[in-house]
Structures are given as C-alpha cells and as structure tokens.
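Below is one structure, written out as structure tokens; comments come after it.
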Amino acid sequence: MLELLKGHPRGVVEGASQQVLQFGGTVRRPDAIIGQTWNGFPPMPVGTEWVQFLEWSAHLDGFVPMLIEQGAVQIIDGRVATKATLHSAWNGRPVENFLSALRR
22 MLELLKGHPR GVVEGASQQV LQFGGTVRRP DAIIGQTWNG FPPMPVGTEW VQFLEWSAHL
82 DGFVPMLIEQ GAVQIIDGRV ATKATLHSAW NGRPVENFLS ALRR
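Here my numbering is used: the first residue of the sequence shown is 22, the next is one more, and so on.
Right, dumping it as structure tokens:
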C-alpha cells in the first residue's frame, strides 16, 4: 500500500502492507493447472500498480475490491488504464487528476 486515501477500522496504517483478497487465481487439478477468474477479472499481477476501492467482506474475513473489477483501476505509465465501465471516462488520463478527484 503506497498511499491510503481513507482509513478503515480493520485496515492497517498508511505505509504498511495490507492483504487484499481477490477471487480466482491458479487452481491445481489432478489433470491440469488452470487460471480461474471471477467475472472475467484476472488476478492482478505482482508488481503492477492499481488504485483500489476496497470493502470489508465478513464472509471472507478480509478486504476485497468493490464490485470485483470495478473496484480495481490499473495504472500504467502514470495514466489510468481501466476496462471497467464505471471509470471509463478516466481511461488514459493522468493518475494525479484521478486521485485529486477522489480526494474531494
């Protein structure tokens, strides 16, 4: 977690690591290893940059992206790179502008 815009009682302090649960991942089956996704949203690769809107899941006992893919906005080269329809107006725009709008 690089920057925390809003805290949650169950979350960690800004600058600390926070586990985020994501549906899907690698599943080892007797006949093959498959990549499982939830709602077409593949697991976020390690080392990628995202702005995440998280909610606490009592069922999973952890934080999950809100509305699956709508709650995770990828950042590539300092620009919003999302396929999520909720944030499509921000696609290609600088992440600084996106974060500034969120702080308001």
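Just so you know, even glycine gets a beta-carbon here, dropped at the ideal spot from N, CA and C.
Tell me whether V48 sits in a helix, a strand or coil according to DSSP, three-state version.
Reduced to three states, the DSSP call for V48 is strand.
Please classify S109: does DSSP put it in a helix, a strand, or coil?
Here S109 sits in helix by DSSP.
Measuring CB atoms only, is the segment 62 to 74 touching the segment 93 to 102, in the sense that at least three cross pairs come out at less than 8 Å?
Because the criterion of three Cβ pairs below 8 Å is met, the segment 62 to 74 and the segment 93 to 102 touch.
Run through DSSP, which three-state label would Q40 get?
Coil, per DSSP.
Under the assumption that V41 contacts F84 (Cβ atoms under 8 Å), give the Cβ distance between them as a whole number of angstroms.
Rounded, the Cβ-Cβ distance is 5 Å, consistent with contact.
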